[in-house]
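*Asks:* For the sequence shown, the working numbering gives the first residue as 2, with consecutive numbering after it.
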Amino acid sequence: TVTVSDNTAPTFNETLPEAEITAECDAVVEADVLTASDNCDSDVPVVFTETRTDGDCANSYTLTRTWTATDNCDNETSFTQTVTVSDNTAPTFNETLPEAEITAECDAVVEADVLTASDNCDSDVPVVFTETRTDGDCANSYTLTRTWTATDNCGNETSFTQTVIVSDNTAPVVTCNDITVQLDANGVATITVDDINAGTTDACSGIDTMFISQETFFCGSVGENVVTLTAIDECGNEATCTAIVTVEEGEADCGFDPFNANDDILTLIYCPGGTVSGNLDLFANDEGSTRENVSFTILSDLPNGVSVTDGNLAYVNEDPTEAVITFTYSVCHTVNTENCDTAEVTIQVLLDSDCDGVPDNDDIDDDDDGILDIIEEENALDQTSLDSDGDGIVDRLDIDSDNDGIVDNIEWQSTIAEDGEYDYILPSGTDSNGDGWDDAYDPANNGITYEPWDMDLDGTPDYLDTNTDNEGEDDNIEGWDEFPNDSIADVSFIGNDADRDGLDDAYDTYNAITEGWSRGLNATGSDAYLQDTDNDGVRDWRDAVDDRTPPEQFACGEPVIPNAFSPNQDGYNDYFKVMIYCTGDQGGSEERVLGDDYTNARIEIFNRWGNLVYEKERYGNEDYWGDVDAWWDGTSMHDMQVGNEKLPTATYYYILYFNDGSKEPITGFIFLNN
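1) Taking the C-alpha atoms as reference points, what is the distance between serine 124 and proline 92?
2) Going along the chain, which residues of its own chain have a beta-carbon closer than 8 Å to the beta-carbon of serine 278, five neighbours each way excluded?
3) Measure the alpha-carbon distance for isoleucine 365 versus glycine 437 and round it to whole angstroms.
4) Mind checking glutamine 532: buried by the 16 CB within 10 Å criterion, or exposed?
5) Could you pull out every residue in the same chain whose Cβ sits closer than 6 Å to the Cβ of serine 301, ignoring the five residues on either side in sequence?
6) When the distance is taken between beta carbons, is lysine 617 closer than 8 Å to valine 594?
7) Measuring CA to CA, which of Asn157, Thr65, Ile489 is closest to aspartate 88?
8) Would you mind sorting leucine 657 into buried or exposed? The rule is 16 or more other CB atoms within 10 Å of its CB.
9) Ordered along the chain, which non-local residues of its own chain (more than five positions away) have a Cβ less than 8 Å from that of phenylalanine 670?
10) Give me the Cα-Cα distance between glutamine 642 and phenylalanine 672, rounded to the nearest whole angstrom.
11) Compare the C-beta of isoleucine 489 against all C-beta atoms of chain B and say whether one is closer than 8 Å.
12) Please state whether the Cβ-Cβ distance between valine 408 and serine 527 is less than 8 Å.
13) Provide the residue(s) that pair with tryptophan 68 in DSSP beta bridges, ordered along the chain.
14) Compute the Euclidean distance between the alpha carbons of serine 119 and valine 86, then round it to the nearest angstrom.
15) Under a three-way DSSP split, which group does arginine 593 fall into?
16) Ignore the nearest five residues each way along the sequence and tell me which others in isoleucine 299's own chain have a CB closer than 7 Å to its CB.
17) Which runs of the alpha helix (DSSP H) fall wholly inside the segment 223–294 and span at least 4 residues, in chain order?
18) If you follow the beta strand (DSSP E) that isoleucine 180 is part of, which residue opens it and which one closes it?
19) With distances taken between CB atoms, is the gap from asparagine 660 to asparagine 622 smaller than 8 Å?
20) Whole angstroms is fine: what's the gap from asparagine 477's alpha carbon to aspartate 367's?
21) Going by the beta-carbon positions, is the gap between threonine 164 and threonine 144 smaller than 8 Å?
22) Asparagine 238 and proline 173: beta carbons closer than 8 Å?
23) Helix, strand or coil, according to DSSP, for glycine 221 in the structure here?
24) From what residue to what residue does the beta strand (DSSP E) around asparagine 198 run?
25) At 4 residues or longer, and completely inside the segment 442–481: list those alpha helix (DSSP H) runs for me, N to C.
26) What do you reckon, are the CB atoms on aspartate 505 and isoleucine 495 nearer than 8 Å?
27) With a threshold of 16 other CB atoms inside 10 Å of the CB of glycine 644, please say whether the residue is buried or exposed.
28) Can you name, in chain order, every residue of its own chain whose Cβ lies under 6 Å from the Cβ of threonine 63, other than the five neighbours on each side?
29) Please state whether the Cβ-Cβ distance between phenylalanine 218 and valine 167 is less than 8 Å.
30) Considering only C-alpha positions, which residue in the set Ile192, Tyr271, Ser386 is nearest to valine 350?
31) For the putative contact between valine 410 and aspartate 370, defined by C-beta atoms under 8 Å, what is the C-beta separation to the nearest angstrom?
32) Is it right to say leucine 17 is buried, meaning 16 or more other beta carbons lie within 10 angstroms of its own, or is it exposed?
33) In whole angstroms, what is the alpha-carbon distance linking aspartate 361 and glycine 275?
34) So, under 8 Å CB-CB, aspartate 491 and glutamate 483 are touching, yes? Tell me the CB distance rounded to an integer number of Å.
35) Find the nearest neighbour of isoleucine 562 within the set Asn569, Val546, Thr668, judged by alpha-carbon distance.
36) Report the option in Asp634, Asp209, Arg609 whose CA atom is closest to the CA atom of glycine 572.
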């Protein structure tokens, strides 16, 4: 039995197309034509089917293509192809696009173009046009944003934007009329914009502002006057025209006398530490004007401290300095405005150091001490600074030029007992001729003066000589050693001068700042004793032989260096101290430490192996280090001893340098016993 069967499916003869393809809506390929063969059938039919599935839009869909071959025994072969069709192409504008950005005057804005569009799949593509306006700085200055948008059925979009910048740069057109006016009885004529405006237009907007260059006319305007009319539109464009305004005298009387504004000078004198102030009527010396018929104008910036109200000047300065201040002003007639004049104001601020009412530049004795300034400058020990005692106050302003506590007014004078022709003369506090020199000394007012006294004839006047009698003791001791006359000053210099008159506050009995400046008092404001110990009429500071016990003089020996000490802090010999012993010529004695005479001495300490264990600059200078730290206490300063512990009992060696150029270094040994 032979059983014959057909179980083999046909096969396609052609190469099969791709199973899945994509295509734009305007480029969908036709389906392939396929045939089939079979091992048994000679003619195998192939059935083709195609179905469409719509997508999100009209031109977006899917095609499903199927080819099926079936032989006579129903053996079947099938192939399916999927074609995805889409519309991704945006429309295009048909016309040439306008410029992307253009500018236009407000009266020449072009209309928007009309644009159409085409698409590869859609036959009718709508174009939507929008226009928005953004305002600028003025009514006719703005920006138009124009947008054209073409969209196909699948939402593909093409857009174009044009910016139109609109501005108003065109000035208005303005026309003027010439007019004639007459002054009234007061000499005044007034016009308005409407009087000369013959017509004004603007291309885009209304006029914002109109004004004329002159509205009021006075006698000085009689005749033809050129007046400018200015029109400004809403965008600030400006146009002008001119009109001739003929002014006639009418009822006015236009005759006038010219003004004379004369220069003004205000001189102000001030004392140290005081406020300077003053007033001046600037109209007082002017001619042809009154406050009622003039206008007053300051022509330059007013200096600090100056104020002017209705021609009245006031000046106030709480911290004055010498200065010359100027400014200018003008006065003009309120009706005849061309009748004007200008003047300069000068304010002179002058220092009066001794507050005698005479400023220093006119005062021949600035510190009121009875010595003429010219003499104090000629005698100054420092001809560069003219400040003999270097206290920052020049001699002509210094009532104690040698800083010895005795005022110059006393030191330049003598007494009869001191071989002078006159006794000491106090200031009178009066200056009859106003030259700044006290009447007591001014020969022009029967005063008595002479060359400043030089008691020791050493060429330096006593008021500049710190040792007037040249006997070895300074005046600031001899003038201030009342009791017990022990050559020790009862009052000592403290280095402060509150009222800046040159006399140290330790000696000054008259504070000119707190008590007020007063001539004749400040120059003698010292309570120096000026004693005369031996009652011979010659005061000690001028008496070379005043029977006082002279100060003891000491002679000092060489430094005494111990050869042992015991730094065990038991209160005895705890430090390696170097002493100097002195003997007085009156039987006294004095102990001094090394640093009193040798302030820059230096010591080095070595052990027996030559290692440096201690060193110190300014050794024994207790004023610098103190009475403990100035001396060696047996401690090592170097790392051979851990923690700076005390050195062991032993003999050590020293080198002592004096560092003053007078003595060679001393070497020796010291036994340290703990």
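From the three backbone atoms N, C-alpha and C, an ideal C-beta is built for every residue, glycine too.
*Replies:* To lay it out plainly:
1) 10 Å
2) Leu269, Ala315, Tyr316, Val317, Asn318
3) 6 Å
4) buried
5) Phe328, Thr329
6) no
7) Asn157
8) buried
9) Asn564, Thr652, Tyr653, Tyr654, Tyr655
10) For glutamine 642, the predicted structure reports a pLDDT of 49, less than 50, and the residue's modelled location is therefore unreliable. The matter cannot be settled from this model.
11) You won't find chain B in this structure, because it holds only one protein chain.
12) yes
13) Phe49, Phe80
14) 20 Å
15) strand
16) Val309, Phe328, Tyr330
17) none
18) 180–183
19) no
20) 25 Å
21) yes
22) yes
23) helix
24) 198–202
25) 476–479
26) yes
27) Confidence in glycine 644 is poor, its pLDDT being 44 and thus under 50, which makes the residue's placement too unreliable to answer from.
28) Thr54, Thr85
29) no
30) Tyr271
31) According to the sequence displayed, residue 410 carries asparagine and not valine. Indeed, because the Cβ distance is near 4 Å, the residues count as touching under 8 Å.
32) exposed
33) 15 Å
34) 6 Å
35) Thr668
36) Asp634
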